[in-house]
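Everything below concerns the one structure shown next.
Numbering (the working numbering), first residue to last: 2 to 743.
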């Protein structure tokens, strides 16, 4: 999400070129019918051709604050670029007065390319950092007292490590990465060093070291930058804000240059970026933002959907347009995406979009359960091979997982099938520095290990010498990722012993294990230009494929085990939603009941999956029926699995619509109070509030119907069934108390 200095410097200058309207290429983000051959006489009319009604509404919305809520695959880039082009081609907007802001250089380049295809040049489409860098460099002599802009610090690690040492902390490379991430979060959240500890505690940050120590490192890092005469990427934005807010001449010049603003992926804006946007605007309201709160998956970096959600409150009288027609995915994929996000709660759910599939029907998504992880990986690799054999390019297939450490099983399974693959957004498992280092240590240990020690214990001992603690997941993203990779190596060792590939005794087994790991690394090492994509769900954001496999969807992994708060769990749900919406046609979701073959099968499927549709693959009929009996209850409205006790009693998610009979509920409560008082027991012993709510929603008229409500078993029916049914039928509570007591 942060561009580097070379990207920022390499963007084109503010030249304005007029180009003839050309042919618009077909792409999955288009949404609507493409057009070609626009006329010189009325190019603006051609810009409107091929748009659907909602996209046209976005393009034609009046100047002023406009919020485009755009779901996945609904043509948001098309709507935004056509809005800019229409304004330019009708003469309402001069291209040099437009600044379109994105989060990646790739997105900015795509926007500029589409504008050129529409016959519009001169519009500035840049990342926040590229735009700020250009402005700060230009105004540096004014704001830096006649000096050029300080050099940009492209990598913080060395300075953070030095700052930690000055603060009395000894950090390894992983610790430095995690502390660096915390400093970046603080600066993006406009939190100063002396405010850090309190702000981090309030935000529920998962800290790699205690807040007070990290605040000292933060302060020492800031001092180190000042002594070195450099600024980092957060300073780049902060300095631009300061230049505009504190230098009237700078503000006037920038605001006269840029008068119309467009912000893409607005749900990912952090407080520092919003402060810069406010400085650019200077109280004006010619602003168009586009985003989808259901795709907010970067809250841990400081991104906040609140600016998108509260746009109307911040900009009274704004125009809001909803794009919900999905041109990317088949109706079957769209249906599952809607099902996953239907149970969302919290502020992001306030502006939830319900996608409407526009493509022809495709295959139904497959949701499969496997006995163990190797079986799951083998099945995914087999299906990838089948898709390639059927004509799907390998580059149009993706296997997506929650954490990078999950990639090894799929790297191995694909390699065994002879399928090329590419790891996106991370390193191949055996190329990770902690794994390379561990293999060197294991090779050395193989020459001196004593007989009689279990292999698994010997491997764990070796890894413990590197700081790995098998019983304690560390805090901090980088430290946790390193721990997960080493834990995966331990599990791989255990699997080789269970499968008989490697002897269980350390003296015999460790040399064999080292050779087995080397062979696997060699098999997975061959470089490829094109192949099946392996990526984490975060790395997959903004991408799409014909076929997507979402794997390892078990509790503890999705949602991840360290997601504890309601907000963190909702972000996990959104992460799965993002994964589902990456698929155009084929979608496969899977999970394994146990980690290794022969395991106890104690895992549960992700609470976000519609469990009723799960296929149990590769299990015996007896195991299949047994697991079916253990299926989780699902929401009667959206089909999402229910784990919360109250939700199970209501048989629906708390976010799904309900239609309780309020008058009936009050009569039930009055009756319950009389019964509990007469029996000398608490009211909940008769029925809980959740059960009464479920009765008021279902309004059962028979004993069988009453028995379907969780919390109403045979004993409760025998005691209170007649009374409850009488109340549902309209009876007065005072007339049925005696029935219940009898």
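Yeah, the Cβ is synthetic: ideal placement off N, Cα and C, and Gly gets one too.
Here the structure is a predicted model, which means the values were calculated and not measured.
Check each candidate in 411, 575, 205 and name the one with the smallest Cα separation from residue 183. 205
Residue 220 to residue 195, Cα distance in whole Å? 8 Å
With a threshold of 6 Å on Cβ separation, who are the neighbours of residue 576 within its own chain once the five nearest residues in sequence on each side are excluded? 298, 538
Classify residue 587 as buried or exposed, calling it buried when 16 or more other Cβ atoms lie within 10 Å of its own Cβ. buried
Measuring alpha carbon to alpha carbon, tell me which residue in 711, 87, 723 is nearest residue 702. 723
Measuring straight from C-alpha to C-alpha, what distance separates residue 1 and residue 534? The question about residue 1 has no answer here: the residues shown for the chain are numbered 2 through 743.
Report all residues from its chain with a CB closer than 8 Å to the CB of residue 451; omit the five preceding and five following residues, and keep chain order. 507, 508
From the beta carbon of residue 423, is the nearest beta carbon of chain D less than 8 Å away? Protein chain content of the structure displayed is limited to a single chain, and chain D is not contained in it.
Leaving aside the five residues before and after residue 518 along the sequence, list all residues of the same chain whose C-beta is less than 7 Å from its C-beta, in chain order. 440
Could you tell me whether the region 248 to 256 touches the region 177 to 192, using the rule of 3 or more Cβ pairs below 8 Å? Under the Cβ criterion (8 Å, minimum of three pairs), the region 248 to 256 does not count as touching the region 177 to 192.
Exposed or buried, what is residue 75 when buried is set at 16 or more other beta-carbons lying within 10 Å of its beta-carbon? buried
Starting from the C-beta of residue 765, find all residues in its chain whose C-beta is less than 6 Å away, skip the five residues before and the five after it, and write them out in chain order. Nothing can be reported for residue 765: it is not among the residues displayed for the chain, which extend from 2 to 743.
Determine the closest residue to residue 737 out of 669, 121, 705, with distance taken between C-alpha atoms. Considering only alpha carbons, the answer is 669.
By DSSP's criteria, residue 262 is part of a beta bridge. Which residues make up the other side? DSSP lists 100, 288 as partners of residue 262.
Can you tell me where the alpha helix (DSSP H) with residue 197 in it begins and where it stops? In this chain, the alpha helix (DSSP H) harbouring residue 197 covers 197 to 204.
What does residue 324 pair with, by DSSP beta-bridge criteria? 71
Given that a residue counts as buried once 16 or more other Cβ atoms are within 10 Å of its Cβ, and exposed if not, what is residue 239? Buried, because 16 or more other Cβ atoms sit within 10 Å of the Cβ of residue 239.
So if DSSP puts residue 373 in a beta bridge, which residue, or which two residues, is it bridged to? Per DSSP, 595.
Three-state secondary structure (DSSP) at residue 240? helix
Determine the burial state of residue 494: buried for a count of at least 16 other Cβ atoms within 10 Å of its Cβ, exposed for fewer. buried
Quick one: residues in its chain with C-beta nearer than 7 Å to the C-beta of residue 386, no 5 flanking neighbours on either side, listed in chain order? Closer than 7 Å at Cβ, skipping near neighbours: 418, 420.
Count the other CB atoms within 10 Å of the CB of residue 261; is the residue buried (16 or more) or exposed (fewer)? Buried, because 16 or more other Cβ atoms sit within 10 Å of the Cβ of residue 261.
For the putative contact between residue 176 and residue 198, defined by C-beta atoms under 8 Å, what is the C-beta separation to the nearest angstrom? By a beta-carbon distance limit of 8 Å, residue 176 does not contact residue 198. Their separation comes to about 18 Å.
With 16 as the cutoff for other CB atoms within 10 Å, does residue 553 come out buried or exposed? buried
Out of curiosity, what's the CA-to-CA distance linking residue 203 and residue 54? 44 Å
Mind listing, in chain order, the continuous beta strand (DSSP E) runs of no fewer than 3 residues lying wholly within the region 77 to 126? 99 to 103
Between 144, 225, 78, which lies nearest to residue 157 when the distance is taken from Cα to Cα? Comparing C-alpha distances from residue 157 to each of 144, 225, 78 shows the shortest one belongs to 225.
Leaving out the 5 sequence neighbours to the left and right, which residues in its chain are closer than 6 Å to residue 88 when beta-carbon positions are compared? 94
Spatial distance of residue 711 from residue 100 (CA atoms): 56 Å
Could you check which residue in 512, 63, 352, 210 has the C-alpha nearest to that of residue 292? 352
Under three-state DSSP, which class holds residue 247? helix
Could you tell me the distance, in whole angstroms, from the CA atom of residue 266 to the CA atom of residue 467? 40 Å
Going by C-alpha to C-alpha distance, which of 671, 547, 201 sits closest to residue 392? 547
Determine the extent of the alpha helix (DSSP H) in which residue 161 is found, giving its start and end residues. First-last of the alpha helix (DSSP H) with residue 161: 158 to 167.
Residue from 52, 713, 705, 704 with nearest C-alpha to residue 686: 713
Taking Cβ to Cβ, would you say residue 370 is nearer than 8 Å to residue 594? yes
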